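Okay, structure first, notes after.
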Amino acid sequence: MDDTANPFTPSFGSRPPFLVGRDGTLGEIQKALQAGPKHPGFASLLLGPRGTGKTTLLLEACEQAEAAGWVACKADALVPNADASLHQALLDVTLDQIDALQPPDKRTVSGLQAGPLSASWDNLPAPQRSSRRLQRALGELADLVAAQGGAGVLAVVDEFHNLRAQDASVIASAIQQLAKDQDKPVALLGAGLAHVEHTLLPHKGFTFFQRCKRHRILNLSLLEAKQAISVPLDDGGMRLDDDLLCRAAVATNGYPYAIQSFGFHLWEATHQGAAIDAAGVDQAIEHMDDDMTANVLVPIWDRLTPKSRDFLAAMSADDGPSRVADVAARLGATPNLVNNYRRRLIDEGVISAVGYGLVDFANDRIKEAAREHQAELDAFRTGSK
Ligand SMILES: Nc1ncnc2c1ncn2[C@@H]1O[C@H](COP(=O)(O)OP(=O)(O)OP(=O)(O)O)[C@@H](O)[C@H]1O
Ligand SMILES: [Mg+2]
Numbered sequence: 317m318d319d320t321a322n323p324f325t326p327s328f329g330s331r332p333p334f335l336v337g338r339d340g341t342l343g344e345i346q347k348a349l350q351a352g353p354k355h356p357g358f359a360s361l362l363l364g365p366r367g368t369g370k371t372t373l374l375l376e377a378c379e380q381a382e383a384a385g386w387v388a389c390k391a392d393a394l395v396p397n398a399d400a401s402l403h404q405a406l407l408d409v410t411l412d413q414i415d416a417l418q419p420p421d422k423r424t425v426s427g428l429q430a431g432p433l434s435a436s437w438d439n440l441p442a443p444q445r446s447s448r449r450l451q452r453a454l455g456e457l458a459d460l461v462a463a464q465g466g467a468g469v470l471a472v473v474d475e476f477h478n479l480r481a482q483d484a485s486v487i488a489s490a491i492q493q494l495a496k497d498q499d500k501p502v503a504l505l506g507a508g509l510a511h512v513e514h515t516l517l518p519h520k521g522f523t524f525f526q527r528c529k530r531h532r533i534l535n536l537s538l539l540e541a542k543q544a545i546s547v548p549l550d551d552g553g554m555r556l557d558d559d560l561l562c563r564a565a566v567a568t569n570g571y572p573y574a575i576q577s578f579g580f581h582l583w584e585a586t587h588q589g590a591a592i593d594a595a596g597v598d599q600a601i602e603h604m605d606d607d608m609t610a611n612v613l614v615p616i617w618d619r620l621t622p623k624s625r626d627f628l629a630a631m632s633a634d635d636g637p638s639r640v641a642d643v644a645a646r647l648g649a650t651p652n653l654v655n656n657y658r659r660r661l662i663d664e665g666v667i668s669a670v671g672y673g674l675v676d677f678a679n680d681r682i683k684e685a686a687r688e689h690q691a692e693l694d695a696f697r698t699g700s701k
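Here the sequence shown stands for residues 317 to 701, where the numbers follow the working numbering.
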């Protein structure tokens, strides 16, 4: 990399120049893989709000596992309700890995399309057939890996929250049969938004995933945010004094995407001749705020359901934190219903719990959007009287 190339990575799915604050989780994942199929963390999920670094961590864990002899089969559940099934994508990657380890002309195993077993699959319902096929491929790969002195197979699924029930049951049953029933080293690592705990996981067909070890991926601490900013700057020969570093770290709120955006803008300005001083830091914070609005908050707001937006609009009447009981009263909704929205909005990182029965906006921009939404609702009500 040329010396002036900006090391910061303000885009989703891009590995940061310096990964901080994730050693504990990475260590736990590798320990579980080493321990084998009986370990509760042999199948694990990384769950957290948008942009907290789940994909980054997934890729890092995957790389560490590969270095320890695991063969990774990675598929992303990119779009909810996509036409292509995720279990088919996982099967394709698994077959590619089998080919890579054992060219077809040297194959001793019969292959997955032919053979006496596949004929008897014809009578099975489609999901069971898919699951057998995936199970057989993963099992075959695990045997190959073991025969070549490797550790095992790691199935990796990003954007887990988009998983469809049918995919879930095919993948779960294949992995469960291999790891739990046959004690084969076929592990699972998934990453996705935390609301799956209340949306997907409680559903029938997701029992296997319910039992996965769940790692919560949250914002970094102030100290970690300072490191994530200062280390790449130092490496590039740029020093930020401690006061300014603190100011920047506080402004990012430890949110990994914001850290990368701030670092990126500071680096750009400095390499165009600006001084690294308070004004330069404030300007980079402003750019970071704009990036946050355009790339995080607007997409989050657009994806919220009308009911979630109404919940936020009802909260926006308060200057400080809101009492959930007040929000329920304003919406004329039952506490149970309101609690579901509260949980979901917390999991999506839009609001945070700040005390017993109290919630607050996680970000001022979301609060502004909620106030505008309330104004629209009021205008609509007045207009329709
Ligand atoms: N531990 C970390 N330290 C510093 N920066 C990080 C860290 N983890 C992730 N980042 C940066 O944060 C941003 C978001 O990371 P990533 O895309 O992994 O998040 P995500 O949780 O997968 O997002 P999404 O919910 O949209 O899938 C990227 O710019 C990445 O480089
Ligand atoms: Mg991601």
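Ideal placement from N, C-alpha and C gives every residue a C-beta, glycine not left out.
Just so you know, these numbers come straight off a predicted model, no measurement behind them.
Per DSSP, reduced to three states, the secondary structure at S632 is coil, with no helix or strand assignment. Unbroken beta strand (DSSP E) stretches of 3 residues or longer found wholly inside the segment 653-679: 667-671 and 674-677, given in chain order. The secondary-structure analysis by DSSP pairs G364 across a beta bridge with L509. Considered as a whole, the segment 468-501 harbours 468-474 as its complete beta strand (DSSP E) runs of no fewer than 3 residues, in chain order. Here S327 is exposed, its C-beta having fewer than 16 other C-beta atoms within 10 Å. For D415, there are no CB contacts under 6 Å within the same chain when 5 residues up- and downstream are skipped. Taking C-beta atoms as the reference points, G352 and I533 fail to come closer than 8 Å. Rounded to the nearest whole angstrom, the C-alpha separation of L582 and Q418 is 49 Å. In this structure, T341 sits away from P333, with a CB-CB distance that is not shorter than 8 Å. Checking the 7 Å criterion, the Cβ of D339 is out of range of every heavy atom belonging to ligand 2. CA-to-CA, the gap between G673 and P637 works out to about 10 Å. DSSP places R530 inside the beta strand (DSSP E), whose first and last residues are K529 to R532. Relative to ligand 2, D483 has its C-beta separated by 7 Å or more from all heavy atoms. In this structure, DSSP gives R338 a state outside helix and strand, which the three-state scheme calls coil. Relative to Q346, the option among R331, G385, R366 and L363 whose CA is nearest is G385. Judged by DSSP secondary structure, D598 falls within the alpha helix (DSSP H) whose first and last residues are A594 to M608. In the DSSP assignment, D392 falls within the beta strand (DSSP E) that extends over W386 to D392. Take the alpha-carbon of I682 and the one of D626: they are about 13 Å apart. Judged by their CB atoms, A565 and I545 are nearer to each other than the 8 Å cut-off.
Per DSSP, reduced to three states, the secondary structure at R639 is strand. L504 is bridged by DSSP to A359 and A471. R625 carries a helical assignment under DSSP once its states are collapsed to helix, strand and coil.
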